[in-house]
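Here the structure comes first, spelled out in structure tokens, and everything after it is commentary.
Chains as they are written, first to last, in the numbering used here: chain X, -12 to 101; chain Z, 2 to 115.
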């Protein structure tokens, strides 16, 4: 089982649509959770951290379910500029010596069309 | 305030050669982590340097080595290059090796091995 698994994608949606990304992680000792955004041929950039209580930043809402080891990201009223790859990221736990460093999912590509 | 910088931006090498990639961390950061991102995959952790020592290492062979200098900048060296080493190499800096502080990524070095 992969350490961090995401929807394979790609997601092609019209402007204004609501889109949801799902992610699961394998190590229950993981401590911190994030969503990163990566534009084509660019570096990943932190979109938002994910907390057990859930958190919202404008049109973006992230949720964490520790019992199910499940993370989600919801984008409402999607814009053309939201087109990117969204990476689910987990930190902490003992990933074969990588404790405390970032473990990335494969990423889900989102294309928002006019 | 300059962010994380990396050089070179692109590099083409042949199998068996050696390569050195360079990274300067964001101002105020003392920890540097290196990641490899193959096409269509999420970044994979290679190793992390703090106080001029390798602190953690991911699942990469000894052909991958690194160094951190007193000014916190870092180098990644790859010996005996293989075709499979072709990837985007990302450097990330942070203020501490552990903790919930954000890692900031540089633009990456795109390595092509022929």
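Note that beta-carbon positions come from the ideal geometry of N, C-alpha and C, so glycine has one too.
{"Check": "Among Z/25, Z/54, Z/30, nearest to residue 66 of chain Z - alpha-carbon criterion", "Outcome": "Z/54"}
{"Check": "Residue from X/12, X/37, X/17, X/-12 whose Cα sits closest to the Cα of residue 23 of chain X", "Outcome": "X/37"}
{"Check": "Helix, strand or coil at residue 69 of chain X according to DSSP, with G and I counted as helix", "Outcome": "helix"}
{"Check": "Residue environment, residue 30 of chain Z, which counts as buried when at least 16 other CB atoms sit within 10 Å", "Outcome": "buried"}
{"Check": "Helix, strand or coil at residue 67 of chain Z according to DSSP, with G and I counted as helix", "Outcome": "strand"}
{"Check": "Cβ of residue 91 of chain Z within 7 Å of any chain X Cβ", "Outcome": "yes"}
{"Check": "Interface residues of the region 65 to 78 of chain Z facing chain X [CB-CB below 7 Å]", "Outcome": "none"}
{"Check": "Distance, residue 48 of chain X Cα to residue 198 of chain Z Cα", "Outcome": "Outside the displayed span of chain Z (2 to 115) sits residue 198 of chain Z, for which this structure offers no information."}
{"Check": "Backbone CA spacing between residue 51 of chain Z and residue 93 of chain Z [nearest angstrom]", "Outcome": "12 Å"}
{"Check": "CB contact check: residue 88 of chain X to chain Z, cutoff 7 Å", "Outcome": "yes"}
{"Check": "7 Å Cβ cutoff met for residue 12 of chain X and residue 77 of chain X", "Outcome": "yes"}
{"Check": "Which residues DSSP lists as bridging residue 44 of chain Z, in chain order", "Outcome": "In DSSP, residue 44 of chain Z forms no bridge with anything."}
{"Check": "CA-to-CA distance, residue 27 of chain Z to residue 103 of chain Z, given in whole angstroms", "Outcome": "12 Å"}
{"Check": "Coarse secondary structure for residue 85 of chain X, derived from DSSP in three states", "Outcome": "Reliability fails at residue 85 of chain X, whose pLDDT of 45 lies under 50, so the model's placement of it is uncertain and the value that follows must be treated cautiously. Coil."}
{"Check": "The region 2 to 15 of chain Z contacting the region 61 to 77 of chain X, beta-carbon criterion three pairs below 8 Å", "Outcome": "no"}
{"Check": "Residue 96 of chain Z beta carbon less than 7 Å from that of residue 39 of chain Z", "Outcome": "no"}
{"Check": "Secondary structure, beta strand (DSSP E): runs of 3+ residues fully inside the region 8 to 59 of chain Z", "Outcome": "11 to 14, 20 to 25, 32 to 38, 45 to 51, 54 to 58"}
{"Check": "Residue 61 of chain Z to residue 47 of chain Z span [Cα, whole Å]", "Outcome": "6 Å"}
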